[in-house]
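*Asks:* Protein chains in written order, with our numbering: chain R, 13 to 319; chain W, 13 to 319; chain A, 13 to 319. Where is the CB? At the ideal position from N, CA and C, for every residue including glycine. The structure presented is a predicted model; accordingly, all values stated were derived computationally and were not measured. Have a look at the structure that comes next, please.
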Amino acid sequence: MNPRHLISLADFDVAALRGLLDRADALRPDALAGTGMRDSLRGRTVCTLFFEPSTRTRASFQLAATRLGADVLAFDAATSSGKKGETAVDTLRNLEAMGVDCFIVRTAVDGGLHELAAAAKPETRLINAGDGRSNHPTQGLLDMLTIRQRKGADFGRLSVALCGDIRHSRVARSDLQALKALGCTDIRVCGPDALMPDDATLDGCRRFVRFDEALAGADVVMMLRLQRERMEQGLVASLEEYFADYGLDGRRLALAKPDAMVMHPGPMNRGVEIADAVADGPQSAILAQVANGVAVRMAALQAVFAE
Amino acid sequence: MNPRHLISLADFDVAALRGLLDRADALRPDALAGTGMRDSLRGRTVCTLFFEPSTRTRASFQLAATRLGADVLAFDAATSSGKKGETAVDTLRNLEAMGVDCFIVRTAVDGGLHELAAAAKPETRLINAGDGRSNHPTQGLLDMLTIRQRKGADFGRLSVALCGDIRHSRVARSDLQALKALGCTDIRVCGPDALMPDDATLDGCRRFVRFDEALAGADVVMMLRLQRERMEQGLVASLEEYFADYGLDGRRLALAKPDAMVMHPGPMNRGVEIADAVADGPQSAILAQVANGVAVRMAALQAVFAE
Amino acid sequence: MNPRHLISLADFDVAALRGLLDRADALRPDALAGTGMRDSLRGRTVCTLFFEPSTRTRASFQLAATRLGADVLAFDAATSSGKKGETAVDTLRNLEAMGVDCFIVRTAVDGGLHELAAAAKPETRLINAGDGRSNHPTQGLLDMLTIRQRKGADFGRLSVALCGDIRHSRVARSDLQALKALGCTDIRVCGPDALMPDDATLDGCRRFVRFDEALAGADVVMMLRLQRERMEQGLVASLEEYFADYGLDGRRLALAKPDAMVMHPGPMNRGVEIADAVADGPQSAILAQVANGVAVRMAALQAVFAE
Chain R
13 MNPRHLISLA
23 DFDVAALRGL
33 LDRADALRPD
43 ALAGTGMRDS
53 LRGRTVCTLF
63 FEPSTRTRAS
73 FQLAATRLGA
83 DVLAFDAATS
93 SGKKGETAVD
103 TLRNLEAMGV
113 DCFIVRTAVD
123 GGLHELAAAA
133 KPETRLINAG
143 DGRSNHPTQG
153 LLDMLTIRQR
163 KGADFGRLSV
173 ALCGDIRHSR
183 VARSDLQALK
193 ALGCTDIRVC
203 GPDALMPDDA
213 TLDGCRRFVR
223 FDEALAGADV
233 VMMLRLQRER
243 MEQGLVASLE
253 EYFADYGLDG
263 RRLALAKPDA
273 MVMHPGPMNR
283 GVEIADAVAD
293 GPQSAILAQV
303 ANGVAVRMAA
313 LQAVFAE
Chain W
13 MNPRHLISLA
23 DFDVAALRGL
33 LDRADALRPD
43 ALAGTGMRDS
53 LRGRTVCTLF
63 FEPSTRTRAS
73 FQLAATRLGA
83 DVLAFDAATS
93 SGKKGETAVD
103 TLRNLEAMGV
113 DCFIVRTAVD
123 GGLHELAAAA
133 KPETRLINAG
143 DGRSNHPTQG
153 LLDMLTIRQR
163 KGADFGRLSV
173 ALCGDIRHSR
183 VARSDLQALK
193 ALGCTDIRVC
203 GPDALMPDDA
213 TLDGCRRFVR
223 FDEALAGADV
233 VMMLRLQRER
243 MEQGLVASLE
253 EYFADYGLDG
263 RRLALAKPDA
273 MVMHPGPMNR
283 GVEIADAVAD
293 GPQSAILAQV
303 ANGVAVRMAA
313 LQAVFAE
Chain A
13 MNPRHLISLA
23 DFDVAALRGL
33 LDRADALRPD
43 ALAGTGMRDS
53 LRGRTVCTLF
63 FEPSTRTRAS
73 FQLAATRLGA
83 DVLAFDAATS
93 SGKKGETAVD
103 TLRNLEAMGV
113 DCFIVRTAVD
123 GGLHELAAAA
133 KPETRLINAG
143 DGRSNHPTQG
153 LLDMLTIRQR
163 KGADFGRLSV
173 ALCGDIRHSR
183 VARSDLQALK
193 ALGCTDIRVC
203 GPDALMPDDA
213 TLDGCRRFVR
223 FDEALAGADV
233 VMMLRLQRER
243 MEQGLVASLE
253 EYFADYGLDG
263 RRLALAKPDA
273 MVMHPGPMNR
283 GVEIADAVAD
293 GPQSAILAQV
303 ANGVAVRMAA
313 LQAVFAE
């Protein structure tokens, strides 16, 4: 792991992962009260450099940076210089020249942050807010923090079921990396064949065709968002059929452990991948994930600036 | 009135209304000098959650919150999660989980804030920045503050003429609620039949067909904006005809009291509902309304956080 | 020069120009470290009022104002009130009424700031961030600062070559004004006939048809951006041909002085007006320009508020 960047959880060893989770856990009360640690990043400029639109993730990072006292610049590269023919590297270098210290980058290009990191000044920090289908490391971290808070730190004892469009999901890839690194050995994945990856993503996981079987005795059920474009692409027949086969409702959840926790990275398609009663029910950890997101992003910002 | 929310002026009794106006009046110098009261909301996060676009109202609230020291998050729900199929309640709950303390909400849904208020955490504050055709309470308050500053606090002595598209106007509804609550008994309304409401909005008002008659002896003339889409809907024949029948020009203004004040919520369609000479003339209070808007919004923010 | 506004460098005498450059030079370390001078504009509200979109220039001004401690309001007039039929003057007056002290204005209207300045309150400040093809004074200033840092303050000794679409370029007009005011007498301009101005812009400059000749012995080579719409307008045959005739590559740069500096206002079209090897080479001052932009904008803000 390059300690000044946070690009992929694949770069983390278990100690580094745990250290970041510990840091986020300690920051949580401040993160949520909004009081933050205003002196931590005072005089630093953090730029959300988004080549793909994303309001929620950007808001979470903006709040995290603000609560650490940084100046935050929102640079919407999707509707900006990119349209004018400027390369992503040139946009980055321009903003560096304006005094930006840290970039929160979202891009449609798989591995796109490596090119930016190679072009950046030595003192510049990069945090990946999602690149193509590859990585969404802060989402992986906030998911691990949420699991640890509810189920304890011994991931080796946990059965985790992950259901949905794993093929196109950077959330799934970061979650799987983190789960494996933290010692989870019982990882079950489920979803239509057309939405399963054909790379090494599922190494070490057990593949289930029937969701009911994947759920049996699970401690954690992680649902993924179904992008509506998958229908247009013909990868999914209909939303009704998808829900019937892979939607999480009360009957299905009862197949997991009685105290199983339910997760979803949001935004949810209610009635498509998850039923209302489950999304809003007592086993749902979905809003806890969101809250942990701010703490994890504060921790990530502190970590890249600590180097 | 739920003291933690500001949803409709219909929830206010006269004492609560006056208290809020007094608070705004006292805040005015700070509001306009931009110095504000930076410790009032320090560590608080205020989010403008706009399901409909509005640059002006959002700017006014942003400045009000900033001058009270809050962190401000602009969340453009019109181009965001809503498009991804997320419900308004889920968007609100996600932002609550990120530590947002107060939402400034604009929505096309009449009464839409009640659903949000029912779903919100007990400690969350909501301020209505316009819901459908129903309410725009801070506009009503800033209009009352502007009238009071120029005409004194005894609304029972005032004749107020309101002209234009009352049917589709949340501004008109909030103004009428506030005028009645503050004791105004001579309220005249005027506009094309197609733009008059068919509900109880006009109870206690006098309806005029001819604008000249509505203006006779008025102390306050409140003009409403004509949305251009009313023409496309066939509710108005032409802009020229509208101005001839319902536009406020110098000749018409002379029918009101010599010191009558002219108001408009903006943005103005010059030459459609109001003539340049009147908009920019000595009787215009239009920019005073805008200035009072920031003070009223600071007062509203302080009020919901005082509970 | 109206000391409360920065509208055109044509309003500056040489002493005023040098004073502003000195101020920017002194501010540079703070500007780039992001530490700024947070008390300079505390309690002031600076609004970026952009009637044309521009992410880069807006970001530079936003960082400059933030580092001086101002509250910054981004008002996107392109997608806002203008669409609702509000005049630019009304938008300005509304924001003034909300307590905005200084406007950073970008507009497609040549000379558009004069109308705004005439309508503004006496205490309001205006800074031109680009009007039509006419002025981009802070770009002119940052270019002069960059030249002075590398080549010294005696502009009378310098040969400056300017190449590209001068006809449609506010950057070129502001640069030429500033170069002449600072005493530069050897100014060479080059570009296709269709992109040369037909007004007094080139008075006192030498016009070259062949770029190679314009470059001979130059100390400074300023390249301009080629808007892709020039092709659609038939003013340029093809990007390849344009690069062959007017692109700056290593062979051409070797015709200038060995220590000649290369400038570009960005965003660059690599391979159209400039080759990679030159843009990223040791003679490029392009990122220094960007860095100086923040310092110049801080200096401009301080200057207009000092009056």
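For residue 72(W), go through chain A and note every residue whose CB falls closer than 7 Å to its CB, in chain order.
*Replies:* Simply 110.
*Asks:* Within 10 angstroms of its Cβ, does residue 222(R) collect 16 or more other Cβ (buried), or is it exposed?
*Replies:* The residue is exposed, with fewer than 16 neighbouring Cβ atoms inside 10 Å.
*Asks:* When burial is assigned at 16 or more other CB atoms within 10 Å of the CB, is residue 78(A) buried or exposed?
*Replies:* Looking at its Cβ environment, which holds 16 or more other Cβ atoms inside 10 Å, residue 78(A) is buried.
*Asks:* Tell me the rounded alpha-carbon separation between residue 112(W) and residue 236(W).
*Replies:* Cα-Cα distance, rounded: 34 Å.
*Asks:* Can you look up residue 180(A) in the DSSP assignment and give me helix, strand or coil?
*Replies:* Coil, per DSSP.
*Asks:* Helix, strand or coil for residue 19(W), going by three-state DSSP, please let me know.
*Replies:* Coil, per DSSP.
*Asks:* Report, in whole angstroms, the separation of the C-beta atoms of residue 52(R) and residue 314(R), which I expect to be a contact under 8 Å.
*Replies:* Contact flag correct, Cβ pair sits at about 6 Å.
*Asks:* Consider the Cβ of residue 306(R): report whether some Cβ of chain W lies at a distance smaller than 9 Å.
*Replies:* Yes, contact with chain W.
*Asks:* Which residues in chain A sit within 9 Å of residue 60(R), going by Cβ to Cβ distance?
*Replies:* Neighbours of residue 60(R) on chain A: none; closest Cβ ~11 Å, over 9 Å.
*Asks:* Quick one: what's residue 317(A) bridged to in DSSP?
*Replies:* None, per the DSSP bridge assignment.
*Asks:* As a quick exercise: from 183(W), 49(W), 18(W) and 103(W), pick the residue whose alpha carbon is nearest that of residue 302(R).
*Replies:* Residue 103(W) is the option with its Cα nearest to residue 302(R).
*Asks:* Under 8 Å, with one C-beta from each stretch per pair, do the stretch 276-283 of chain A and the stretch 25-44 of chain A reach the 3-pair mark?
*Replies:* The stretch 276-283 of chain A, when compared against the stretch 25-44 of chain A, does not touch it at the 8 Å Cβ threshold.
*Asks:* Given that a residue counts as buried once 16 or more other Cβ atoms are within 10 Å of its Cβ, and exposed if not, what is residue 269(W)?
*Replies:* Classification for residue 269(W): buried.
*Asks:* Tell me whether the stretch 123-136 of chain R and the stretch 167-185 of chain R touch, counting them as touching only if at least three CB pairs, one residue from each stretch, are closer than 8 Å.
*Replies:* As far as the Cβ criterion goes, the stretch 123-136 of chain R does not touch the stretch 167-185 of chain R, which means the pair count is below three.
*Asks:* Drop a sphere of 10 angstroms on the beta-carbon of residue 311(A), count the other beta-carbons inside from all chains shown, and report buried for 16 or more, exposed for fewer.
*Replies:* Buried, since its Cβ has 16 or more Cβ neighbours within 10 Å.
*Asks:* Along chain W, which residues have their Cβ under 8 Å away from the Cβ of residue 140(R)?
*Replies:* None at all; the shortest Cβ gap to chain W is about 19 Å.
*Asks:* Between the Cα of residue 282(W) and the Cα atoms of 17(A), 99(A), 48(A) and 36(A), which residue gives the shortest distance?
*Replies:* The candidate whose alpha carbon is nearest that of residue 282(W) is 99(A).
*Asks:* Hey, residue 178(A) and residue 156(A) are a contact pair by Cβ (cut 8 Å); roughly how many whole angstroms apart?
*Replies:* Not a contact, Cβ separation roughly 17 Å.
*Asks:* Of all the residues that make up the stretch 100-126 of chain W, which are near chain R by a beta-carbon distance shorter than 9 Å?
*Replies:* Taking 9 Å as the Cβ-Cβ cut-off against chain R, the residues of the stretch 100-126 of chain W that qualify are 102, 103, 105, 106, 107, 108, 109, 110, 111, 112 and 113.
*Asks:* Please report the distance separating the alpha-carbon of residue 253(A) from that of residue 285(A).
*Replies:* If I take the Cα positions, the gap works out to 11 Å.
*Asks:* Quick one: which chain R residues come within Cβ less than 9 Å of residue 280(A)?
*Replies:* The contacting residues are 97, 98, 99 and 102.
*Asks:* When DSSP labels each residue in this structure, what does residue 142(R) get in the three-state scheme?
*Replies:* In this structure, residue 142(R) counts as strand in the three-state DSSP scheme.
*Asks:* Output, in sequence order along the chain, the residues in the stretch 240-267 of chain W whose CB is closer than 9 Å to any CB in chain A.
*Replies:* Listed by position, the residues of the stretch 240-267 of chain W near chain A (Cβ gap below 9 Å) are 240.
*Asks:* Does the beta-carbon distance from residue 140(A) to residue 296(A) come in below 9 Å?
*Replies:* Contact flag unset, no.
*Asks:* What number of angstroms, rounded off, separates the C-alpha of residue 291(R) from the C-alpha of residue 150(R)?
*Replies:* About 22 Å.
*Asks:* How would you write the range of the alpha helix (DSSP H) that residue 156(A) sits in, first residue to last?
*Replies:* Looking at the DSSP string, the run of the alpha helix (DSSP H) that includes residue 156(A) is 149-163.
*Asks:* Is it the case that the Cβ atoms of residue 84(W) and residue 171(W) are separated by a distance below 9 Å?
*Replies:* For residue 84(W) and residue 171(W), no; Cβs fall outside 9 Å.
*Asks:* Taking only beta-carbon positions, decide if residue 83(R) is within less than 9 Å of chain A.
*Replies:* With 9 Å as the cut-off, residue 83(R) counts as an interface residue toward chain A.
*Asks:* Quick one: what's got a C-beta closer than 8 Å to residue 13(R)'s C-beta in the same chain, skipping five residues either side?
*Replies:* Per-residue confidence for residue 13(R) stands at a pLDDT of 45, beneath the threshold of 50, marking its modelled position as unreliable; the derived number appears in the next sentence. Excluding positions up to five away in sequence, the list reads 23, 24, 25 and 28.
*Asks:* Can you tell me the Cα-Cα spacing of residue 267(R) and residue 317(W), whole angstroms?
*Replies:* Each residue's alpha carbon lies about 45 Å from the other.
*Asks:* To be precise: take each residue of the stretch 177-207 of chain R, compare its Cβ to all Cβ atoms of chain W, and keep it if any distance is under 7 Å. Which residues remain?
*Replies:* From the stretch 177-207 of chain R, no residue has a Cβ closer than 7 Å to chain W.
*Asks:* When the Cα of residue 16(W) is compared with those of 69(W), 200(W), 242(W) and 114(W), which residue comes out closest?
*Replies:* Of 69(W), 200(W), 242(W) and 114(W), the residue nearest in Cα terms is 114(W).
*Asks:* State the Cα-Cα distance for the pair residue 197(A) and residue 225(A), rounded to the nearest angstrom.
*Replies:* If I take the Cα positions, the gap works out to 17 Å.
*Asks:* Could you name the residues that DSSP lists as bridge partners for residue 199(W)?
*Replies:* For residue 199(W), which the question treats as bridged, DSSP gives the partners 172(W).
*Asks:* Using the Cα positions of residue 239(W) and residue 82(W), report the straight-line distance between them to the nearest angstrom.
*Replies:* If I take the Cα positions, the gap works out to 34 Å.
*Asks:* Does residue 213(A) get closer than 9 Å to chain W when you measure Cβ to Cβ?
*Replies:* Not one chain W Cβ lies under 9 Å of residue 213(A).
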